[in-house]
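Report on the structure given below.
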Amino acid sequence: MTAKPQNRVFGKQRRHHTIILASGDTVRHMTVRPWMAAVAVCMVGIFSIGYLLATSYLVLRDDLIGATMARQARMQYDYEDRIAALRAQVDRVTSRQLLDQQVVEEKVDKLIEQQQQLSSRNGKLSTLLDRAESSGLTDKSAHPDANAAAPKNEHAQLTSPKAIEKLLLSGRPADATPDNSTLAYVPAPETVADRADRVFSKVTLSLKHIEQDQLSRIRNLTAGASETASEIQSIMQNVGVKVPNEVASVSKEDTDGGVGGPYVPPENVDQFEQSMADLDTALTHLETVRGAAESLPFRNPAPGKLVTSPFGNRKDPFFGTLALHTGTDFHFSPGEKIKATAPGKVVSAGWTGGYGNMVEIDHGDGISTRYGHMEQVLVKVGDKVGAGDAIGLAGSTGRSTGTHLHYEVRENGHPIDPMYFIAAGTKLASYISGLGAI
Numbered sequence: 001m002t003a004k005p006q007n008r009v010f011g012k013q014r015r016h017h018t019i020i021l022a023s024g025d026t027v028r029h030m031t032v033r034p035w036m037a038a039v040a041v042c043m044v045g046i047f048s049i050g051y052l053l054a055t056s057y058l059v060l061r062d063d064l065i066g067a068t069m070a071r072q073a074r075m076q077y078d079y080e081d082r083i084a085a086l087r088a089q090v091d092r093v094t095s096r097q098l099l100d101q102q103v104v105e106e107k108v109d110k111l112i113e114q115q116q117q118l119s120s121r122n123g124k125l126s127t128l129l130d131r132a133e134s135s136g137l138t139d140k141s142a143h144p145d146a147n148a149a150a151p152k153n154e155h156a157q158l159t160s161p162k163a164i165e166k167l168l169l170s171g172r173p174a175d176a177t178p179d180n181s182t183l184a185y186v187p188a189p190e191t192v193a194d195r196a197d198r199v200f201s202k203v204t205l206s207l208k209h210i211e212q213d214q215l216s217r218i219r220n221l222t223a224g225a226s227e228t229a230s231e232i233q234s235i236m237q238n239v240g241v242k243v244p245n246e247v248a249s250v251s252k253e254d255t256d257g258g259v260g261g262p263y264v265p266p267e268n269v270d271q272f273e274q275s276m277a278d279l280d281t282a283l284t285h286l287e288t289v290r291g292a293a294e295s296l297p298f299r300n301p302a303p304g305k306l307v308t309s310p311f312g313n314r315k316d317p318f319f320g321t322l323a324l325h326t327g328t329d330f331h332f333s334p335g336e337k338i339k340a341t342a343p344g345k346v347v348s349a350g351w352t353g354g355y356g357n358m359v360e361i362d363h364g365d366g367i368s369t370r371y372g373h374m375e376q377v378l379v380k381v382g383d384k385v386g387a388g389d390a391i392g393l394a395g396s397t398g399r400s401t402g403t404h405l406h407y408e409v410r411e412n413g414h415p416i417d418p419m420y421f422i423a424a425g426t427k428l429a430s431y432i433s434g435l436g437a438i
């Protein structure tokens, strides 16, 4: 049996679709290829999609427009809320700045008040310092070394208004700027209020240092005045001179007019005022003691002169018997000036028996001095003389064997060894300038 031959190599041959159009005797046909079918399908799909989109737009147009308007309204509301928040933040910042400014102004007023108080204290202290200087006191703290002077100058510069303004306008100090090693943590920038607090703390500390320096100077002067007054008082008491231990609050002239009134405690007495009062009391006491010492004959009437006869019992040069020598004799050249050893009033001037030409001066408190054997008297009774004033010329009048000065110191009419006063005057010269000699 013979097999039929095959006309194909790989399966059945694919045939294209053909569209036949007949119109009468005319017959047309068109072969539909695959790509043409694909194009037709795509066109139909695109048209369908466009139609659906257009239909959807027409149907949903109002909703889309409403949604867009709602979105725009929400955006507008959001912007308005943000603007309102920014305005509120600006108002808060402005309010804070006003509060900070008010706080700064209050602190500045306080600093100005403190500075005015220190200036007022300096005025009061200046008066007391002048009194202390006139009394021979020196403030040890007034001449510090170079290392101590720098901080005080710095404190004084910090308290000036220009320095305060400069510190307020300046930024954070250089030592507070972070370096590369600390860039991992950078502190927040310093605000005006923080900078003001830092500046005012620094200025307040400087004012406190100035106040403490003033108090230290006052205490040093008070201690020096009290110590000096005690030393002078002790030296005077050793020669039998009475000096006041306490200082009266008012003078005798004031009490003659009458004083009084109910006791009312002082108001708002701070440490500085109390220290000033203590210094004033100490200086008044020192001035009283100094005045008492300067009014008494502690000066040497013959500095550098030879003592020819001391005070005490001796052999009388005329009778040759033991007699009391009531003064001290100093060698003088003829016509040499004799000067008063303390201020006082002349109560006797002229020839006085064995004294020859003699001058007696009353110094108060029962103390008087006599100057005998003068060649010539230069004063008269009732004259007021000062320490170092010439009262006569040296000579050898009265019971005298040669030119010399017979010098006496008497207390309530009783003679005292003048050398006690002269020795005391030498000690007092270290506290009262010019008291050792005339």
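Residue numbers (full-length UniProt numbering): 1 to 438.
Quick reminder that beta carbons are idealized off the backbone N, C-alpha and C, glycines included.
Please read these numbers as outputs of a predicted model, since none were measured by experiment.
Own chain residues within Cβ distance below 6 Å of residue i, not counting five before or after
i: H406; result: G327, D329, G372, H373
i: D278; result: T222
i: G344; result: I361, D362, H363
i: V409; result: P297, T369, I416, P418, F421
i: A248; result: Confidence in A248 is poor, its pLDDT being 43 and thus under 50, which makes the residue's placement too unreliable to answer from.
i: H331; result: K305, L306, T308, H404
i: F200; result: K107
One or two residues paired with residue i in a DSSP bridge
i: D329; result: S309, H406
i: A22; result: V27
i: V32; result: H17
i: L322; result: K315
Residue i burial status per 10 Å Cβ neighbour count (16 or more: buried)
i: H29; result: exposed
i: Y355; result: buried
i: H16; result: exposed
i: N122; result: exposed
i: I235; result: buried
i: Y263; result: exposed
i: Y431; result: buried
i: T26; result: exposed
i: T397; result: buried
i: S48; result: exposed
i: S275; result: buried
i: A38; result: exposed
i: V385; result: buried
i: L137; result: buried
i: R299; result: buried
i: N357; result: buried
i: L283; result: buried
i: A22; result: exposed
i: V377; result: buried
i: L52; result: exposed
i: A40; result: exposed
i: V44; result: exposed
i: V203; result: buried
i: T401; result: exposed
i: P265; result: exposed
7 Å Cβ shell around residue i - same chain, five flanking residues per side excluded
i: R399; result: F318, G354
i: L286; result: S135, A225, T228, A229
i: L118; result: L207, I210, E211
i: I19; result: H29, M30, V32
i: I232; result: V289, R290, A293, L428, Y431
Residue i CB to nearest heavy atom of the ligand MN below 6 Å
i: G353; result: Of ligands this structure carries none, so the ligand MN is not represented either.
Interface flag, residue i vs chain B, CB-CB below 7 Å
i: T284; result: Of the protein chains in this structure there is only one, and it is not chain B.
Cβ-based neighbour list, residue i, same chain, cut-off 8 Å, excluding 5 preceding and 5 following
i: Q271; result: L215
i: L125; result: Q214, R217, I218, M276
i: A424; result: I235, M236, N238, V239, F298
i: D316; result: L322, A323
i: H325; result: S309, P310, F311, G312, N313, R314
i: K380; result: V346, A349
Task: 3-residue-minimum beta strand (DSSP E) runs that sit fully inside the UniProt domain "M23ase beta-sheet core" (324 to 418), ordered along the chain - done: Listed in chain order, they are 328 to 331, 337 to 339, 344 to 351, 357 to 364, 367 to 377, 390 to 394, 404 to 411, 414 to 416.
Open item on the list: Contact between the segment 379 to 396 and the segment 330 to 348 is defined here as three or more beta-carbon pairs at a separation below 8 Å; is this criterion met?
Closed with: Touching, yes, given that three or more Cβ pairs across the two stretches are closer than 8 Å.
Open item on the list: Is it the case that the segment 123 to 139 contacts the segment 208 to 218, given that we only count it when at least three CB pairs across the two stretches are under 8 Å?
Closed with: As far as the Cβ criterion goes, the segment 208 to 218 touches the segment 123 to 139, which means the pair count is three or higher.
Task: Inter-stretch contact (C-beta, 8 Å, three-pair minimum) for the segment 413 to 431 and the segment 305 to 323 - done: Per the Cβ contact rule, the segment 413 to 431 is in contact with the segment 305 to 323 (3 or more Cβ pairs under 8 Å).
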